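The structure appears right after this line, and notes come after that.
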Amino acid sequence: MTRSGLQARIAIQRSDGFALDAEVAIENGSTVALIGPNGAGKSTVVAALSGLMRIDSGAIELNGVVFDDSDGGVFVEPKDRRIGVMFQDGILFPHLSVRDNVAFGLRSRGVGRDEIKMAVDNWLDRLELRSLADRKPGEISGGEARRVSLARAIVTEPDLLVLDEPLESLDISTRSHVRRLIASYLAEYDGPTLLITHDPAEAMLLGDDLLVLENGAITHSGPPHIIRMNPKTPYAADIAGLNLAVGDAFDGVVTIGSHRLMIPDNAQTGRVAVTFHPRAVALHVLQPEGSPRNTWATEIASMEALGSAVRIETGAPMPITAEVTPDAVASLGLGVGSLVWVSIKATELGVQPVSNDE
Amino acid sequence: MLALAAVGIGFFALPLVGLMVRTPWSDLPSLLGSAVVLDALRISLVASVAATVISFIIGVPIAFVLARAEFWGKSIVRALVLLPLVLPPVVGGAALLFALGRRGVLGEPLHDATGIVLPFSMAGVVVAVTFVAMPFVVITVEAALRNLDSRFEGAAASLGAGRWAVLRRVTIPMILPSLLSGLALTWARAFGEFGATVTFAGNVLGRTQTMPLAVFVALESDRATATALSLAMVAVSLAVLILLRDRWWRPT
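The listed protein sequences derive, respectively, from chains A and B.
Take the first sequence: its position 175, counted from the start at 1, is 159 in this note's numbering, and no numbers get skipped.
Take the second sequence: its position 111, counted from the start at 1, is 120 in this note's numbering, and no numbers get skipped.
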């Protein structure tokens, strides 16, 4: 029986001295977010998967087909891999129209003219690009270019989809629009998807599992809540610790289950994801007075020492992660089961619109 | 600034005005129709176009090798290819003579084997002007290839395009403006070439006498013909500039 999905162990010794050794496995129909700081080797993973760089050891296998195997001497050319890549920065061909960019992959594979037109039109419509079909990439906006890049990657019905920083450097509203389009495609896509990002919120919103890549090595893998409980590196603690809750915004208030959070933006309406860093959470023994409006009482569910900080998980009504100094823990006399007041300034909350299925 | 710029522009415009003033306009048709002028124009056009075509066929691959391949001594190869840009053309012509002349290192066996003699022939003119002009296309195309983000070609490959398809559908179209301007510079350099041509191919009327050589000869004896020839060269060069400008020489 052949294995389905992507199985890869990618080891590359780059000429600049950087070494990558990463294992990436993704089941069909699921999305893994590969997250890591700049220079962690994320682009090298993309290059190896797409065949633009050969691996020095390991193997890359997609649905039982070996693409690259250092021991077996197998190497499948990039053009024969059937991988759809939404490249970082888009990398749209500047001399071709939007339509010709999207059609590029089908043309390369010798698909008939009528069939190309049908498939391209379908995706131009779905990604709201029809009116831009004859424009050149230089004549469209950043968000539009990402949509074209997505269309170009998926129109060929690839066996593996790689999204390389698909939302990087877009403004907030464009970002959420493009993310919703990606999410709705991922919901129906039945192949494995690798999302490359350095934004934890993006990774959690689009990815099923996280893979944390640091300095060329995978330091963590699994769902965010598992990584959050036992982060082995400060970076992983940082990204997996990010609080994220989805609720409905109206008139400056986000309702999350039975809980309400004040946000600084009154105009925001509809389904939103609220993110905030554990360090932005303050804990008090007595009810605080004054500025922070997001204040509620709860009890401490768990505590974990994390280097120079202590990570605290709180219980109902809205479980969150807080990070405080050991000194604060000592002076407030905190322990598991302690009653505390949580407060978060509204300005510390990141709010971005999401679609209902995220 | 403005005043200096005006002086500079005047510096370029004045010689043209001088040429226009001295042009015997009424005799122009007969002067330009003379056999000497027509022969020289034909030789110059054929040689410069041939040099441009050869530079495209050989120069572009050189540019690719210099831009993409990694090998020992690459900087020496690049210096060698670009040497004609800085070498006095007369020296270039002399070097060609030593190499490809009838008694030359390569010329002698070539003559013995095939009977071909390059100096003082039309082919010699083409060799001389190509030698001097080809570096222009190499240098512009190499720079364009270096500036081309290799991720575009990677994207094309991952979209199913093979090596040739990538070259044809992405690489060449993306460097096209540089390629064309390199070819235009090559052509212009070949069209106006003097030193290497006269040294290597000589100044044989109707065979190797190009426009610039004809102008030089005529200046000594027949000012009116020299002026007419010069005007013809200005006209051809300007026509090429204007023809190409609207298509791709826009500074955007």
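For each residue, glycine too, the CB sits at the ideal point set by N, CA and C.
Owing to the predicted nature of the structure, the values given are computational and were not obtained by experimental measurement.
Simplified DSSP state of residue i, which is helix, strand or coil
i: A/A330; result: helix
i: B/F209; result: helix
i: B/A78; result: coil
i: A/E297; result: strand
i: B/A49; result: helix
i: A/D343; result: Look at the range of chain A in this structure, -15 to 342, and you will see that residue 343 of chain A is not part of it.
i: B/M10; result: coil
i: A/N85; result: helix
i: B/T149; result: helix
i: A/M(-15); result: With a pLDDT of only 46 at A/M(-15), under the threshold of 50, the placement of this residue in the model should not be trusted, and no figure is reported.
i: A/I202; result: strand
i: A/H209; result: helix
i: A/A24; result: coil
i: A/H161; result: helix
i: B/T180; result: helix
i: A/R91; result: helix
i: B/H120; result: helix
i: A/E99; result: helix
i: A/S286; result: strand
i: B/P260; result: Legend: pLDDT at B/P260 = 46, less than 50; position of this residue unreliable, value from coordinates given subsequently. Looking at B/P260 - three-state DSSP - the assignment turns out to be coil, as it is neither helix nor strand.
C-beta neighbour in chain A for residue i, strict 9 Å
i: B/V150; result: no
i: B/V69; result: no
i: B/F9; result: This structure gives no information on residue 9 of chain B, because the portion of chain B shown stretches from 10 to 261.
i: B/G17; result: no
i: B/L176; result: no
i: B/S167; result: yes
i: B/P260; result: Interpretation of B/P260 is limited by its pLDDT of 46, a score under 50 that renders its predicted location unreliable; no figure is taken from the coordinates.
i: B/F161; result: yes
i: B/V262; result: Chain B is shown only over 10 to 261; residue 262 of chain B falls outside these bounds and no answer can be derived.
Anticipated Cβ contact below 8 Å, residue i with residue j, distance rounded
i: B/A237; j: B/L40; result: 4 Å
i: A/I296; j: A/M302; result: Going by Cβ atoms, the distance from A/I296 to A/M302 rounds to 14 Å, so no, they are not a contact pair.
i: A/A171; j: A/A17; result: Their Cβ separation, rounded to whole angstroms, is 16 Å, which puts A/A171 and A/A17 out of contact at 8 Å.
i: B/V138; j: B/L105; result: Their Cβ separation, rounded to whole angstroms, is 11 Å, which puts B/V138 and B/L105 out of contact at 8 Å.
i: B/G169; j: A/G206; result: Wrong, their Cβ atoms sit about 34 Å apart, outside the cutoff.
i: A/V308; j: A/V294; result: 6 Å
i: A/M246; j: A/G236; result: 6 Å
i: A/K55; j: A/I39; result: Correcting the residue type first, residue 55 of chain A is Asp in the shown sequence and not Lys. A/D55 to A/I39, Cβ: 11 Å. No contact.
i: B/V141; j: B/E229; result: That pair is no contact at about 24 Å.
Within 9 Å, strictly: CB atoms of residue i and residue j
i: A/V104; j: A/R130; result: no
i: B/F209; j: B/L109; result: yes
i: A/A201; j: A/A6; result: yes
i: B/A60; j: B/A199; result: yes
i: A/N85; j: A/V132; result: yes
i: A/T279; j: A/S242; result: no
i: A/N22; j: A/G(-11); result: no
i: A/G225; j: A/T331; result: no
i: A/T177; j: A/L151; result: no
i: B/L157; j: B/T180; result: yes
i: B/G124; j: B/G204; result: no
i: A/V8; j: A/L194; result: no
i: B/S43; j: B/T217; result: no
i: A/G321; j: A/E273; result: no
i: A/I223; j: A/I19; result: yes
i: B/S159; j: A/K63; result: no
i: B/P98; j: B/T206; result: yes
i: A/G68; j: A/R(-7); result: no
i: A/L113; j: A/A135; result: yes
i: A/R163; j: A/V338; result: yes
Beta carbon proximity, residue i to chain B, threshold 9 Å
i: A/F77; result: yes
i: A/P176; result: no
i: A/L80; result: yes
i: A/K63; result: yes
i: A/T66; result: According to the sequence provided, residue 66 of chain A is Arg. The question's Thr does not apply to it. Yes, A/R66 counts as interfacial toward chain B.
i: A/S153; result: no
i: A/L147; result: no
i: A/G365; result: Examination of residue 365 of chain A is not possible in this model, given that chain A is present from -15 through 342 alone.
i: A/V69; result: yes
i: A/S34; result: yes
i: A/F88; result: yes
i: A/R346; result: Since the displayed chain A opens at -15 and closes at 342, residue 346 of chain A lies outside it and no answer follows.
i: A/A3; result: no
i: A/A31; result: yes
Original post:
Contact between the region 133 to 153 of chain B and the region 69 to 79 of chain B: three or more CB pairs below 8 Å?
Top reply: Proximity of the region 133 to 153 of chain B to the region 69 to 79 of chain B meets the contact definition, three or more beta-carbon pairs being nearer than 8 Å.
**OP:** Examine the Cβ distances between the region 211 to 218 of chain A and the region 44 to 63 of chain A and report whether three or more of them are shorter than 8 Å.
**Re:** no
Original post:
Below 8 Å, can you find three or more Cβ-Cβ pairs linking the region 75 to 94 of chain A to the region 157 to 167 of chain B?
Top reply: yes
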